[in-house]
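Novice: Numbering (the working numbering), first residue to last: 8 to 447.
C-beta: ideal position from N, C-alpha, C; glycine also.
Sending over a structure as structure tokens; questions will come in a sec.
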Ligand code: FAD
């Protein structure tokens, strides 16, 4: 059978993770991407570094500074509980493209324009080195927030903008800080070479922004007036013009078709306050090989694969939106400010981590990934795990739950042991876990 060609559009973490994953799965992958156009510094947690390592970003990982403490001044209280690893995104993205090449991905550097899609495939006009017309059987849209929208978004938060200003000072320690203010919040980062990156996030409708020519002075005055920003600006000067990034949370309405898929920010982009943008992008990109593999090679399960992708992207989007909401709600000083009012109740009032105490456990058939394809199997669904738990301790959980549900509480562990073919130690471990869940 002729290998089907997959084109991945974009050059950020989502495009690169999807392309490397598909290449590892033996697919014919071409990445068409234009390196990002503006400088930015971002921070990630240890679990993102681990996900990047497993996804094959070895050169890109070398661009992160060692983890540093983040000072948070929120609701007037200073905490230093969190650590983050800072990275210059331009450097990171360039190194990640090298990781993709090293993994065997064909990389076309250029701007993808005029993507024409039919049931038979895609034609992409690329503007860049030499220009080109590329054809593909399958398309992965990973152009971030710049990706053209398809229909109406399913969910969109309050319109938000982040103003970025670079400052330069003497060499020093790497550190970062976040601070809430009456009309938004600020995030500041200092790199070892003395560059400082200051970001002010505001409500688009509520912010009284000056004309573009005065934006530099506006940002400078705002940072100069902030106590938390003082260590970042005291010995430094602004460099260049500020840049504005839209940071409105958006979940797209259509995430997958028979021969296309959206991943990364092109599928769902969260509020930068959550600090989970790269994590969410990677999550949707890392499931792409199984979803695309199923759509291409097992079309009878196409609807199941699309459902798997949609449910997982939406689940994480809402989870991070609710975590952000709870963090916004902790700020009590400006209850009537439009910025805080619009965010403290969005997207809903459901608990961020699911209602751990609510309801029992039930068995449902749902999409799962087995041997690189999306298939359907029984999983255990709870309020805290609405997508279901498939395996526990390397074994299917649904038959185990059925075994204990059919036994008297005193005989539950014996029923588990019987289901596990006499494996006493494993039965005891799983019984202890089920007791914690309240299932026994
Ligand atoms: P992107 O990283 O946006 O990549 C899209 C790529 O597509 C770019 O390389 C772009 O040049 C390319 N492209 C665009 N159009 C075309 C085209 N026509 N043809 C070819 N290529 C094209 N996340 C964190 O984890 N930590 C943070 O601290 C953090 N801070 C943030 C601060 C702000 C203000 C914002 C807005 C976001 C922040 N994020 C943060 C989120 C993070 O930047 C994104 O979630 C992440 O970069 C998304 O990855 P992606 O690959 O989907 O998209």
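Alpha carbon to alpha carbon, what distance is there between residue 142 and residue 11?
Specialist: The residue labelled residue 11 in the question sits at position 4 within the chain shown. The residue labelled residue 142 in the question sits at position 135 within the chain shown. Residue 11 and residue 142: Cα-Cα distance of roughly 11 angstroms.
Novice: Is the distance from the Cβ of residue 288 to the Cβ of residue 271 below 8 angstroms?
Specialist: For this step, residue 288 is matched to residue 281 along the chain shown. For this step, residue 271 is matched to residue 264 along the chain shown. For residue 288 and residue 271, yes; Cβs fall inside 8 angstroms.
Novice: Do residue 354 and residue 162 have their C-beta atoms closer together than 8 angstroms?
Specialist: Your numbering for residue 354 matches position 347 in the chain shown. Your numbering for residue 162 matches position 155 in the chain shown. Cβ atoms of residue 354 and residue 162: closer than 8 angstroms.
Novice: Can you find a heavy atom of the ligand FAD that lies under 7 angstroms from the Cβ of residue 58?
Specialist: Sequence index remark: in the chain shown, residue 58 carries index 51 (1-based). Checking every heavy atom of the ligand FAD against the Cβ of residue 58, none is found closer than 7 angstroms.
Novice: Would you check if the segment 255 to 262 and the segment 160 to 178 touch, i.e. whether three or more CB-CB distances between them fall below 8 angstroms?
Specialist: The answer is yes - the segment 255 to 262 touches the segment 160 to 178, with three or more Cβ pairs under 8 angstroms.
Novice: By Cβ distance below 7 angstroms, which residues in the same chain neighbour residue 121 in space, the five residues on each side in sequence not counted?
Specialist: What you label residue 121 is simply residue 114 of the chain shown in a count that begins at 1. These residues qualify, in order along the chain: 132.
Novice: Where do the ends of the alpha helix (DSSP H) carrying residue 301 lie?
Specialist: As a working mapping, residue 301 is identified with position 294 in the chain shown. Where residue 301 is concerned, the enclosing alpha helix (DSSP H) stretches over 295 to 304.
Novice: Would you identify the three-state DSSP class for residue 140, choosing helix, strand or coil?
Specialist: Mapped onto the chain shown, residue 140 falls at position 133. The answer is strand: DSSP assigns residue 140 an E or B state.
Novice: When DSSP builds the beta bridges, which residues end up paired with residue 203?
Specialist: Here the question's residue 203 lines up with position 196 in the chain shown. Residue 203 is bridged to 174 and 197.
Novice: According to DSSP, is residue 310 helix, strand or coil?
Specialist: As a working mapping, residue 310 is identified with position 303 in the chain shown. Three-state DSSP puts residue 310 in a helix.
Novice: What whole-angstrom Cβ distance do residue 199 and residue 178 have, given they're in contact under 8 angstroms?
Specialist: Your numbering for residue 199 matches position 192 in the chain shown. Your numbering for residue 178 matches position 171 in the chain shown. Confirmed, about 6 angstroms.
Novice: So, helix, strand or coil for residue 8, using DSSP?
Specialist: The sequence position of residue 8 within the chain shown is 1, counting from 1. Here the model assigns residue 8 a pLDDT of 49, short of 50, so the residue's position is not dependable, and the following value carries that caveat. Looking at residue 8 - three-state DSSP - the assignment turns out to be coil, as it is neither helix nor strand.
Novice: DSSP three-state label for residue 384, please.
Specialist: Position 377 of the chain shown, counted from the first residue, corresponds to residue 384. Here residue 384 sits in strand by DSSP.
Novice: Locate the alpha helix (DSSP H) running through residue 441, then write down its first and last residues.
Specialist: As a position in the chain shown, residue 441 is number 434, starting the count at 1. Residues 431 to 444.
Novice: Please determine whether the Cβ atom of residue 50 lies at a distance below 7 angstroms from any heavy atom of the ligand FAD.
Specialist: Here residue 50 refers to the residue found at position 43 when the chain shown is read from its first residue. Answer for residue 50: yes, Cβ within range of the ligand FAD.
Novice: Let me know the alpha helix (DSSP H) ranges lying completely inside the segment 103 to 131, each 4 residues or longer, listed in chain order.
Specialist: The qualifying runs do not exist here; there are none.
Novice: Would you say residue 27 touches the ligand FAD, meaning its beta carbon is less than 7 angstroms from a heavy atom?
Specialist: What you label residue 27 is simply residue 20 of the chain shown in a count that begins at 1. Flag unset: Cβ of residue 27 not near the ligand FAD.
Novice: Sort out for me which residues DSSP pairs residue 19 with in a bridge.
Specialist: Translated into the one-based positions of the chain shown, residue 19 becomes position 12. Answer is none; residue 19 lacks a bridge partner.
Novice: Between the Cα of residue 56 and the Cα atoms of 91, 37, 25 and 22, which residue gives the shortest distance?
Specialist: Here residue 56 refers to the residue found at position 49 when the chain shown is read from its first residue. Selected option, being the one with the closest Cα: 91.
Novice: Less than 8 angstroms between the C-beta atoms of residue 7 and residue 182, yes or no?
Specialist: Because the chain spans 8 through 447 in this model, residue 7 falls outside it and cannot be assessed.
Novice: Note the first and the last residue of the continuous beta strand (DSSP E) segment covering residue 79.
Specialist: Walking along the chain shown from the start, residue 79 turns up at place 72. Element bounds for residue 79: 75 to 81.
Novice: Go through the segment 310 to 384 residue by residue and report every complete run of the alpha helix (DSSP H) that reaches 4 residues or more, in order.
Specialist: Counting only runs of 4 or more, we get 345 to 350.
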